[in-house]
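Student:
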Amino acid sequence: MRPGKKELGGKRVEEDKMETRTLTIIDTGSQLTEVKLESFGKENVTLGRSREQCDIVIPDNIVSKLHGTFFLDGERTWYEDNGSMNGTFIGDGQQRRLLTGGSGYAELYDKTVLRIGDVHAPDKMILLLYRVIPEGEVWKKAPLKGEGISIGRGSGCQIRLKHPGVSKVHCFVLPQDGGYVLKDNHSTNGVMINGRSAAGAVLLRDKDLIQILDYQLFFSGECIYYKATAQGISLRACSINKYVGRGKKKKQILKNVRCEIQGNEFVAIIGGSGAGKTTLMNAVSGFEPEFDGKVYCNGIDLIEQFQNLKSIIGFVPQQDIIYENLTLRRMLYYTAKMKMPEDTQGQEIKERIDEVLSMVGLKEHEGTYIRKLSGGQKKRASIAVELLADPKLFFLDEPTSGLDPGTEKNLMMTLSTLSKEQNKTIIMVTHTTQNLHLCDKVIFMGPGGRLCFCGSVNAAKAFYETDDLVNIYNMIAENPWLWERRYAAYRKDKETKEEPSARSELMKQRSVSAFRQFSILTMRYAELMKNDRPRLGVLLLQPLLIAVLLNVVADKNIFKIYESTKSMLFALSCSGIWIGLFNSIQEICKERVILKREYMANLKLPGYVMSKFVLQAALGFVQALILTVVFLQLVGKDREGIFLSGFGPEIVFTVWLTILASVTMGFVISSMVETGDKAMAVAPFVLIIQLLFSGILFTLKGAGEIISYCTVSRWSVEGLGSIAKLNRLDLKLQKDYPMLEHAAESFFKATKGHVLTAWGILAFMTVLFMGISIVMLKRISKDRR
């Protein structure tokens, strides 16, 4: 029995006209035909072998005379098996047979796959692909004829898929043992067969569905059917529930959310504060998989296959994901190098950047530093960053926040245009309602994560019987439970049961070249440092001024008298610690939003931290050189070193190691906090620990001595004091009292082994702090906006 009409208070709610609902049929003879379900001009479209009884006729004995019926009910489509002999199976991978007697029907969604016949003998099976698509390209046929073919972006491939995320030669279909295998050619973004990741060489069976990004290809007989232009990405959320907290404090923030978004739709998720808008978007985007329920992207489980699908997903958080001190083109260039396949040529990157700049209307600003762009232009620049990889599923978190009405309208028009002209499904969270008429669909969320409506703007107004969307906010806020129940009753005239299935272990990230990422990140960071000339100037002026100030307070008998030399070396060590900490303590947290987005797109954290360390090490060496050489020149002192004839280079090296250890200590702090203000608030506490437990100001025993072993200052001063041979210097009063001697301190043994030990511990601390910062950064995926 087909589902009933949707009514509210006796009034029919009219839905906007859908795009074409098409059934693609591949029969047992590997022939492909397409049927438009609306072309029959009726709501019930029958399928079977009988020409007298059926609208869609498949003349094959495995098909019953009246096999099944399609019900076109508004914007929803249902299929019911009419008690056929060989049955109808739905889904990929784990097919479910539609049985008679109450469970022989199913609601069809975009990219739903139906199979008739024996699923274990594909040559005796008919495949039906239900699609909701605009008018566009027809299926192409690539014959195999016993030979292998290549599939990829390159012009030499027999099947060419022009997408920046497709590798030049993405995969091969090769003959083997009388059949064919699909072999992934170490592609950047992988291949799926029937919704499952394909690793190595996989034997193809008749009617297998091959998926590369958002392209669908069918292997059947001796050929492959494909479309060179992908048409839209559909998204379906099934019973999404999310909880936070534990025990008695456990709270549900999403409650049984079910909705469907068609390909190329522009959708707004709206609702009051605390309604779960961003939580829902994060769940259906796949970037936060910790929820109950299923999300299907083109019919494929998004969470299980996220690593294969994430290259067709773009995500723009509320904060801008752009570097202020790069020009717009250079920002896009580095992002393209990170996101696009390794075999992408420079000319291809240039052409893609030009194309994206034209999409967002920023071509004339390509040479402008991002810090000089307006708020609306920066938001479009963030969108451009995500568009580089040509994602077909695009998420934006409050993109209109903080924009004036005119800029907001222009941005909304840009997004609407992208969805229609660039075949993108766009989903955004917003609070504003002025320009929602530009959206194809709105999703109203109520307090507690309740779904209170999903449909067109006109349908929402009819459902709530109001002409003003602002009134809907108030109606939902007053009684979210009522509207949740009303919408559930309005929508589910007939309920289909989701087959229970446990979520399998999530796929590991696909391998990417760590060295390539490191080199790109290093070049980008070098350009950022170069373009921030005021800060770079301060960092280089700082050691010079410190050296001058140290000379002002230095005793004329420095490096002759024990007390004054010890104090000065302690000051030199503290200066190195301050310089290193100041260099790095904000370097990670200030770009945390960008880092999270890049990490979710396969950025390797060791390469990221190492790229910063390499350039900070170079900067630190210059600073150590300036500080030490200027200071020693001003005091006019030189002595024999432990390893060399002069101790200057050894002191420079020790100060440099001190700066390096402090730089990585700053990385640890910067990776733990989310803002630069919080990082700077922690800095004084860290410096106080270095001062108190250095072993210079106070005699340390017990716990204090143990803590001192973990400080940079202790080993820095120990190395400097050993190089300066503090134990051999005279006491201040020794000239007047020759019998007065100071006991030699184990801190300052003037031996090669002791100095090497101090250097080794400082180097070990540097490596240890880097490792800790990388581990701490792994939590970044759980950051909230």
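Residue numbers (our numbering): 363 to 1147. Cβ coordinates follow ideal geometry from the N, Cα and C atoms, glycine included.
Which parts of the segment 582-607 are runs of the beta strand (DSSP E), unbroken and 3 residues or longer, counting only runs that do not cross its ends?
Tutor: Taking only runs of at least 3 residues, the beta strand (DSSP E) segments lying wholly in the segment 582-607 are 585-588, 597-606.
Student: Which partner residues of Met1027 appear in the DSSP bridge assignment?
Tutor: As a working note, residue 1027 is residue 665 in the sequence shown. For Met1027, which the question treats as bridged, DSSP gives no partner whatsoever.
Student: Closest by CA to Leu565, which one among Thr550, Ile595, Phe534?
Tutor: Mapped onto the sequence shown, residue 565 falls at position 203. When only C-alpha atoms are compared, the closest one is Phe534.
Student: Go ahead and label Ala1065 buried or exposed: buried means 16 or more other beta carbons lie within 10 angstroms of its beta carbon, across all protein chains shown.
Tutor: In the sequence shown, counting from the first residue as 1, residue 1065 sits at position 703. With fewer than 16 Cβ atoms within 10 Å of its Cβ, Ala1065 is classed as exposed.
Student: Could you give the distance in angstroms between the alpha-carbon of Met774 and the alpha-carbon of Met702?
Tutor: Counting from one through the sequence shown, the residue named residue 774 turns up at place 412. Counting from one through the sequence shown, the residue named residue 702 turns up at place 340. When rounded, the distance between both Cα atoms is 27 Å.
Student: Between the Cα of Val341 and the Cα atoms of Val531, Val397, Trp843, which residue gives the shortest distance?
Tutor: For the chain, the structure presents residues 363 to 1147; residue 341 sits outside this window and is missing.
Student: CA-CA distance, Asn785 and Val1017?
Tutor: For the purposes of this step, residue 785 is taken as residue 423 along the sequence shown, with counting starting at 1. For the purposes of this step, residue 1017 is taken as residue 655 along the sequence shown, with counting starting at 1. Roughly 57 Å between the two C-alpha positions.
Student: Let me know the alpha helix (DSSP H) ranges lying completely inside the segment 752-811, each 4 residues or longer, listed in chain order.
Tutor: Complete alpha helix (DSSP H) runs here, min 4: 767-783.
Student: Do Phe653 and Lys604 have their C-beta atoms within less than 8 Å of each other?
Tutor: Taking the first residue of the sequence shown as position 1, residue 653 is located at position 291. Taking the first residue of the sequence shown as position 1, residue 604 is located at position 242. Yes; because the gap between Cβ atoms is below 8 Å, this pair is in contact.
Student: Label Cys659 either buried or exposed according to how many other C-beta atoms from any shown protein chain fall within 10 Å of its C-beta, with 16 as the threshold for buried.
Tutor: In the sequence shown, residue 659 corresponds to position 297, counting from 1. Under this definition Cys659 is a buried residue.
Student: Assign Gln879 to one of two classes, buried (16 or more other C-beta atoms within 10 Å of its C-beta) or exposed (fewer than that).
Tutor: Along the sequence shown, read from residue 1 onward, the residue named residue 879 stands at position 517. When all chains shown are included, Gln879 counts as buried.
Student: Verify whether the separation of the beta carbon atoms of Leu931 and Val1074 is less than 8 Å.
Tutor: Sequence index remark: in the sequence shown, residue 931 carries index 569 (1-based). Sequence index remark: in the sequence shown, residue 1074 carries index 712 (1-based). Not closer than 8 Å, so no.
Student: Alpha carbon to alpha carbon, what distance is there between Asn964 and Lys699?
Tutor: If you number the sequence shown from 1, residue 699 lands on position 337. If you number the sequence shown from 1, residue 964 lands on position 602. Those two C-alpha atoms are separated by around 13 Å.
Student: Against chain B, with Cβ distances strictly below 8 Å, would Ile1058 count as a contact?
Tutor: The structure shown contains no chain B; it is built from a single protein chain.
Student: Work out the CA separation of Met447 and Arg847 for me, nearest whole Å.
Tutor: The residue you call residue 847 lines up with position 485 of the sequence shown. The residue you call residue 447 lines up with position 85 of the sequence shown. The straight-line gap from Cα to Cα measures roughly 39 Å.
Student: Report yes if the C-beta distance between Gly738 and Thr769 is below 8 Å; otherwise report no.
Tutor: The residue you call residue 738 lines up with position 376 of the sequence shown. The residue you call residue 769 lines up with position 407 of the sequence shown. Against a cut-off of 8 Å, the Cβ pair of Thr769 and Gly738 comes out as a contact.
Student: Among the residues of its own chain, which have a CB less than 6 Å from the CB of Val1044, if the five just before and after it don't count?
Tutor: Counted from its first residue, the sequence shown places residue 1044 at position 682. Ile1031, listed in sequence order.
Student: Can you have a look at Pro842 and say buried or exposed, based on whether 16 or more other CB atoms are within 10 angstroms of its CB?
Tutor: What you label residue 842 is simply residue 480 of the sequence shown in a count that begins at 1. Buried.
Student: Starting from the Cα of Leu987, find the closest Cα among Cys1072, Met962, Pro968, Leu1019 and give me that residue.
Tutor: Within the sequence shown, numbered from 1, the residue matching residue 987 stands at position 625. Among Cys1072, Met962, Pro968, Leu1019, the Cα nearest to that of Leu987 is on Leu1019.
Student: Work out the CA separation of Gly810 and Lys734 for me, nearest whole Å.
Tutor: Residue numbering aside, residue 734 sits at position 372 when the sequence shown is read from its first letter. Residue numbering aside, residue 810 sits at position 448 when the sequence shown is read from its first letter. About 40 Å.
Student: Grab the span of the beta strand (DSSP E) containing Tyr467 for me, first residue to last.
Tutor: As a working note, residue 467 is residue 105 in the sequence shown. Element bounds for Tyr467: 467-470.
Student: Please confirm whether Ser401 and Phe628 have their CB atoms less than 8 Å apart.
Tutor: Here residue 401 corresponds to residue number 39 of the sequence shown, with the count starting at 1. Here residue 628 corresponds to residue number 266 of the sequence shown, with the count starting at 1. Cβ atoms of Ser401 and Phe628: not closer than 8 Å.
Student: On the CB-based measure, 16 or more other CB atoms within 10 Å of its CB, does Ser736 come out buried or exposed?
Tutor: As a first step, residue 736 must be located in the sequence shown, where it is residue number 374. Result: exposed.
Student: Might you give, ordered along the chain, the residues of its own chain that have their beta carbon closer than 6 Å to the beta carbon of Leu1153, omitting 5 neighbours on each side?
Tutor: This structure does not reach residue 1153, given that the chain is present from 363 up to 1147, and the question cannot be answered.
Student: Which partner residues of Gln573 appear in the DSSP bridge assignment?
Tutor: Here residue 573 refers to the residue found at position 211 when the sequence shown is read from its first residue. Bridge partners of Gln573: Met554, Gln578.
Student: Thinking Leu719 and Glu710 are a contact (beta carbons under 8 Å), I'd like their distance in whole angstroms, please.
Tutor: Here residue 719 refers to the residue found at position 357 when the sequence shown is read from its first residue. Here residue 710 refers to the residue found at position 348 when the sequence shown is read from its first residue. Actually they are not in contact, since the Cβ atoms of Leu719 and Glu710 sit about 15 Å apart, beyond 8 Å.
Student: Expressed to the nearest angstrom, what Euclidean distance is found between the alpha-carbon atoms of Met885 and Ile513?
Tutor: Counting from 1 along the sequence shown, the entry for residue 885 is found at position 523. Counting from 1 along the sequence shown, the entry for residue 513 is found at position 151. Roughly 33 Å separates the two Cα atoms.
Student: How many Å lie between Asn945 and Pro753 at the Cα?
Tutor: For the purposes of this step, residue 945 is taken as the residue at position 583 of the sequence shown. For the purposes of this step, residue 753 is taken as the residue at position 391 of the sequence shown. Looking at the two C-alpha atoms, the distance is approximately 36 Å.
Student: If you reduce the DSSP assignment to three classes, tell me which class Asn618 lands in.
Tutor: Locating residue 618 in the sequence shown gives position 256, where the first residue counts as 1. If DSSP states are grouped into helix, strand and coil, Asn618 belongs with the strands.
Student: What's the gap between the Cα of Asp855 and the Cα of Gly817?
Tutor: Residue 855 sits at position 493 when you count from the first residue of the sequence shown. Residue 817 sits at position 455 when you count from the first residue of the sequence shown. Low confidence applies to Asp855: its pLDDT is 45, below 50, so where it sits in the model is not reliable, and the reading given next is rough at best. Approximately 16 Å between the Cα atoms of the pair.
Student: Is it a yes or a no for the segment 515-532 touching the segment 612-632, going by three-plus beta-carbon pairs under 8 Å?
Tutor: No: the two stretches stay apart, fewer than three of their Cβ pairs being nearer than 8 Å.
Student: Secondary structure at Ser1056, three-state DSSP: helix, strand or coil?
Tutor: Against the sequence shown, residue 1056 aligns to sequence position 694. DSSP places Ser1056 in coil when its eight states are reduced to three.
Student: Where do the N-terminal and C-terminal ends of the beta strand (DSSP E) with Gln538 fall, by residue?
Tutor: In the sequence shown, counting from the first residue as 1, residue 538 sits at position 176. 533-538 is the span of the beta strand (DSSP E), which, as asked, contains Gln538.
Student: Tell me whether the beta-carbon of Tyr471 lies closer than 8 Å to the beta-carbon of Leu460.
Tutor: One-based indexing of the sequence shown puts residue 471 at position 109. One-based indexing of the sequence shown puts residue 460 at position 98. No. Outside cutoff.
Student: Rounded to whole angstroms, what's the CA-CA distance from His525 to Arg515? Just pull it up for me.
Tutor: For the purposes of this step, residue 525 is taken as residue 163 along the sequence shown, with counting starting at 1. For the purposes of this step, residue 515 is taken as residue 153 along the sequence shown, with counting starting at 1. About 7 Å.
Student: Would you report the Cα separation of Leu1123 and Leu1088, rounded to the nearest angstrom?
Tutor: The residue given as residue 1123 occupies position 761 in the sequence shown. The residue given as residue 1088 occupies position 726 in the sequence shown. For the record, residue 1123 in the displayed sequence is Ile; it is not Leu. Rounded to the nearest angstrom, the two C-alpha atoms are 20 Å apart.
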